[in-house]
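Number of protein chains: 2
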Amino acid sequence: MEKNTSTLDDLDFAILSCLQKDGRMSFTEIAEQLNVSVGTARTRLNRLIEEGVIHIVGRVDPDKVGFRAYAHVAVYVRPATLKEHVAEEIAKMPEVSFLASTSGDYDLEVDVMCQTNNHLVEFINEISRIEGIYQTKTTLYFKVYKYAQPDLNLLKN
Amino acid sequence: MEKNTSTLDDLDFAILSCLQKDGRMSFTEIAEQLNVSVGTARTRLNRLIEEGVIHIVGRVDPDKVGFRAYAHVAVYVRPATLKEHVAEEIAKMPEVSFLASTSGDYDLEVDVMCQTNNHLVEFINEISRIEGIYQTKTTLYFKVYKYAQPDLNLLKN
DNA sequence: TTGTAGGTCTGCATATTTTGCAGATAATTG
DNA sequence: CAATTATCTGCAAAATATGCAGACCTACAA
Chain A
1383 MEKNTSTLDD
1393 LDFAILSCLQ
1403 KDGRMSFTEI
1413 AEQLNVSVGT
1423 ARTRLNRLIE
1433 EGVIHIVGRV
1443 DPDKVGFRAY
1453 AHVAVYVRPA
1463 TLKEHVAEEI
1473 AKMPEVSFLA
1483 STSGDYDLEV
1493 DVMCQTNNHL
1503 VEFINEISRI
1513 EGIYQTKTTL
1523 YFKVYKYAQP
1533 DLNLLKN
Chain B
1383 MEKNTSTLDD
1393 LDFAILSCLQ
1403 KDGRMSFTEI
1413 AEQLNVSVGT
1423 ARTRLNRLIE
1433 EGVIHIVGRV
1443 DPDKVGFRAY
1453 AHVAVYVRPA
1463 TLKEHVAEEI
1473 AKMPEVSFLA
1483 STSGDYDLEV
1493 DVMCQTNNHL
1503 VEFINEISRI
1513 EGIYQTKTTL
1523 YFKVYKYAQP
1533 DLNLLKN
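In order, the protein sequence lines correspond to chains A and B. So the first sequence is residues 1383 to 1539, counted in the numbering used here. So the second sequence is residues 1383 to 1539, counted in the numbering used here.
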């Protein structure tokens, strides 16, 4: 038997918390903060990464690098059997930052980052050609107030 | 005059790309890949972080740590003048992973990570008490197909 | 109880990386 | 063209990561 998702203990959560704050925190510093040896911090963290519990990435500020049009696209698929196919096609597009199936009126939600409104329009035109896309409804995000990591403290119950 | 967002050159973008792939990549490795000195890689990267162009975080897999209910909540605010106030209040809640104002029918979009459906219901009840929230509409995300960083290659035009 | 096996933790020596800094280079400005 | 400023490079010292052997701690079976 393989355990690919072992249960996480308090130390694991503490390590995850550290990395949510600063993804480049050194093993040494994590070890100091949590009062364990460097080796332990390393073993744990490496396993968490290995198992895919955490993934350390540089998150770019879209606006600062030049993405000026951030939008939400609701996609209606007909016939419904094409949903997986449509999802696969949409996922391929580099503008797509988030794609999920939903329980709402529409079938798929797509979040898109484009450089300009023109670019966004082109994107919509582009995906509209995918077989199975019946309709799309686009909503612009005007101002992002919060963009956070899941709060691990909620799990401490 | 202060330059808080200097223009980014190719080297900056290359560094950002490296970190989008692996937020813990060392200065040394970045320097080797891009054929510059370690010092240069360090100076550039530190500045990018300093200026807030990139932020290195550990991104936890919500499902693996125990968040089983990921949902989209559309919030309608009346009167509209309370929008900022409502946004502030909602932003305070730890379950909220994304909050933005939109151009759609509704005023605010809230993405929420909860442990269970019960927890989600409680959350909705909770925010419904905020002054100015007229109505909410909740949609569950069933399956997340893609969750990616903005693709910097799109900017190379 | 005792013994065994599996997993985890610790500390140490070594290898690698980061940091601070001074001089070399390139770009900008008057 | 000279002067100023910003950026890059390479080096030595400090800090950090890595590999590994032994200690420790469970769990299970005789």
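Using N, Cα and C, we set each Cβ at its ideal position, and we do this for glycine too. Predicted model only: the values in this text are computed from it and were never measured.
**Asked** Going by the beta-carbon positions, is the gap between residue 1518 of chain A and residue 1459 of chain A smaller than 8 Å?
**Response** no
**Prompt:** Rounded to a whole number of angstroms, what is the C-alpha to C-alpha distance between residue 1442 of chain A and residue 1443 of chain B?
**Reply:** Cα to Cα, residue 1442 of chain A sits roughly 19 Å from residue 1443 of chain B.
**Prompt:** Whose C-beta lies closer than 8 Å to the C-beta of residue 1481 of chain A among residues of the same chain, with five residues either side of it excluded?
**Reply:** These residues qualify, in order along the chain: 1469, 1472, 1473, 1490, 1491, 1492, 1493.
**Asked** By the criterion of Cβ-Cβ separation under 9 Å, what are the contact partners of residue 1402 of chain B in chain A?
**Response** 1439, 1440, 1441, 1442
**Asked** Which runs of the beta strand (DSSP E) spanning at least 3 residues fall entirely within the segment 1409-1460 of chain A, listed in chain order?
**Response** 1436-1442, 1451-1459
**Prompt:** Residues of chain B with CB under 8 Å from residue 1512 of chain A, in chain order?
**Reply:** Result: empty, since nearest Cβ-Cβ is about 14 Å, beyond 8 Å.
**Request:** List the residues of chain B that residue 1436 of chain A touches, going by C-beta distances under 9 Å, in chain order.
**Result:** 1440, 1441, 1442, 1443, 1446, 1447
**Prompt:** What are the boundary residues of the alpha helix (DSSP H) that includes residue 1396 of chain B?
**Reply:** Annotation for residue 1396 of chain B: the continuous alpha helix (DSSP H) segment containing it runs 1392-1403.
**Close-in-space but distant-in-sequence residues of the same chain around residue 1383 of chain B (CB under 6 Å, 5 per side omitted)** = Reliability of the predicted coordinates at residue 1383 of chain B is poor, the pLDDT of 32 falling under 50, and no value is obtained from them.
**Request:** Please determine if the segment 1503-1512 of chain B and the segment 1420-1433 of chain A are in contact, where contact requires at least 3 C-beta pairs separated by less than 8 Å.
**Result:** no
**Request:** Whole angstroms is fine: what's the gap from residue 1487 of chain B's alpha carbon to residue 1521 of chain A's?
**Result:** 9 Å
**Message:** Going by DSSP in three states, residue 1485 of chain B sits in which element: helix, strand or coil?
**Reply:** Coil.
**Request:** Show which residues of chain B have a CB atom less than 9 Å away from the CB atom of residue 1505 of chain A.
**Result:** Those do not exist, as residue 1505 of chain A stays about 10 Å from chain B at its closest Cβ, beyond 9 Å.
**Item:** Close Cβ partners of residue 1405 of chain B (< 6 Å) along its chain, the five nearest in sequence each way excluded
**Value:** 1438
**Request:** Would you please state the rounded distance, in angstroms, between the beta carbons of residue 1548 of chain A and residue 1446 of chain B? I believe it to be under 8 Å.
**Result:** What the structure shows of chain A is the stretch from 1383 to 1539, and residue 1548 of chain A is not part of that stretch, so it cannot be assessed.
**Proximity below 8 Å, CB of residue 1524 of chain B to CB of residue 1485 of chain A** = Remark: C-beta atoms of residue 1524 of chain B and residue 1485 of chain A approach each other more closely than 8 Å.
**Asked** In this structure, does DSSP put residue 1515 of chain A in helix, strand or coil?
**Response** In the three-state reduction of the DSSP assignment, residue 1515 of chain A falls in the strand class, which pools E and B.
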